[in-house]
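Residue numbers (our numbering), protein chains in the order written: chain A, 692 to 882; chain P, 692 to 882.
Using N, Cα and C, we set each Cβ at its ideal position, and we do this for glycine too.
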DNA sequence: TATTAAATTGTCAATATTGACAATTTATGG
DNA sequence: CCATAAATTGTCAATATTGACAATTTAATA
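Structure below.
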């Protein structure tokens with residue numbers, strides 16, 4: 692017998708706005724006012740629905756990691772025994788620039804935010820393990836070392852390639868990066 | 692017949708402090724007060740020697756790019772006809788974490804700072820060209836495409852590996868990254 | 001329609017940050 | 001010592017940012 696709650700909806704809107712701001716201004720550059728404006732809400736509503744600045748950051752990183760974990764699961768499932776080309780195609784599929792820029796901004800904020808640093812560290816290691824497992828399924832004869840090495844290399848090329856999104860006219864570099872990832876992966880062929 | 696000028700010295704000190712802050716707090720998180728405190732100077736001196744906030748940022752990126760260009764020249768000269776292992780060793784030599792974190796923070800600031808974005812874009816392309824040339828000297832028979840691809844891949848692995856510095860306990864990943872770069876480079880062997 | 005819980009708006013003070021510039025101190029050459 | 005140019009300190013106002021909370025409005029339902 693009361694007004695219906697829009698808490699979930701608003702929370703999503705706020706965090707979406709926060710992400711957009713983080714991509715443009717970084718974590719420290721995202722003032723509550725900017726976030727509110729981006730969300731089309733009053734600043735007081737950020738506080739009402741989520742909390743103060745620190746709690747907003749916690750909510751952001753929590754949702755980001757949650758989604759990244761989900762994406763990783765999807766990746767792991769989709770790529771069981773996929774071909775090398777398929778794997779690279781999947782990985783380098785344009786997922787909308789936001790994620791990459793947010794990830795980079797969070798990295799920059801990591802030194803001062805214990806919470807962010809821990810979560811990103813765990814995620815990075817998880818991602819590595821997942822990718823290594825995927826590769827292992829395709830190349831069962833490859834040595835553990837080689838699997839680790841190639842996995843780390845692909846991950847590096849991939850993460851760096853998406854970071855090109857903030858620069859101008861990097862299409863060539865992105866294409867070359869993708870080709871490099873495939874080439875590295877194919878070093879596992881001959882064993 | 693006047694007091695000797697310390698302008699150059701102070702300017703260096705200020706920009707050093709700015710870099711440290713940028714590595715910790717990002718560009719937008721580096722307030723003039725924090726920079727001044729890090730430099731052990733009054734905030735008014737930042738203004739006196741360099742200027743307002745925007746001018747400080749311009750000075751920072753200018754010096755950063757200048758140094759990066761110099762490093763790149765050194766790299767190009769040092770690695771003329773070096774062995775693959777030498778090249779990778781040189782590239783992955785620990786140069787003091789600062790540079791990497793500053794670079795990443797500048798990337799995050801790029802969307803909102805035309806100046807930063809342009810300069811980083813140019814530098815990234817230059818770096819790619821230099822590395823490609825170095826590889827070409829060692830592998831004169833490799834195709835242009837393959838040189839580009841391997842160069843982009845190594846660059847990606849390298850840049851991403853240094854970004855691990857902000858996370859915890861990433862020694863394994865860094866080592867694997869280095870090995871991956873070498874492995875990728877060696878794909879140019881057989882041609 | 002009256003009630004009720006939630007959404008939304010509005011306001012205020014405390015603090016942080018920046019820009020601008022005056023005032024003072026200091027080290028050197030003459 | 002004196003004049004001078006530079007360094008350094010100090011201060012002030014304007015603006016930005018945040019935290020906190022009161023006041024109001026709105027939509028469902030009994």
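* Top-ranked residue by Cα proximity to residue 788/A, from 703/A, 833/A, 752/A and 714/A -> 714/A
* Could you list the residues in the stretch 814 to 843 of chain P with a C-beta less than 9 Å from some C-beta on chain A, going in chain order? => 815, 816, 819, 836, 837, 839, 840, 841, 842 and 843
* From the beta carbon of residue 875/P, is the nearest beta carbon of chain A less than 8 Å away? -> yes
* Asked: Roughly how many whole angstroms lie between the Cα atoms of residue 698/A and residue 760/A?
  -> 24 Å
* For residue 768/A and residue 877/A, the rounded distance between their alpha carbons -> 21 Å
* Asked: Taking the alpha helix (DSSP H) that residue 711/A falls in, what are its first and last residues?
  -> 698 to 720
* Asked: DSSP state of residue 797/P, grouped into three classes?
  -> helix
* Asked: Checking contacts by CB at 8 Å: is residue 786/A closer than that to chain P?
  -> no
* Asked: Looking at the C-beta of residue 798/A, does it have a partner C-beta in chain P at a distance below 8 Å?
  -> yes
* To do: Closer than 7 Å by beta-carbon distance: list the chain P residues that pair up with residue 761/A, in chain order.
  => The premise fails here: residue 761/A is roughly 21 Å from chain P at the closest Cβ pair, so nothing lies under 7 Å.
* So what does DSSP say about residue 880/P, is it helix, strand or coil? -> coil
* The alpha helix (DSSP H) spanning residue 854/P covers which residue range? -> 835 to 854
* Helix, strand or coil for residue 816/P, going by three-state DSSP, please let me know. => helix
* **Contact between the stretch 866 to 876 of chain P and the stretch 775 to 787 of chain P (3+ Cβ pairs under 8 Å)** => yes
* **Delimiting residues of the alpha helix (DSSP H) encompassing residue 768/A** => 744 to 769
* Asked: Would you call the stretch 855 to 865 of chain A and the stretch 808 to 823 of chain P touching, i.e. three or more CB-CB distances under 8 Å?
  -> yes
* Taking only beta carbons into account, state which residues of the stretch 736 to 758 of chain A come closer than 8 Å to chain P, listed in chain order. => none
* Could you tell me whether the stretch 785 to 801 of chain P touches the stretch 717 to 736 of chain P, where touching means 3 or more Cβ pairs closer than 8 Å? => yes
* When the cut-off is 8 Å and only beta carbons count, does residue 705/A lie next to chain P? -> no
* Could you give the distance in angstroms between the alpha-carbon of residue 821/P and the alpha-carbon of residue 756/P? -> 15 Å
* Can you grab the Cα-Cα spacing for the pair residue 708/A / residue 749/A, in whole Å? => 15 Å
* Within the 8 Å Cβ cut-off, does residue 728/P reach chain A? -> no
* Contact check, residue 705/A vs residue 730/A, beta carbons under 8 Å -> yes
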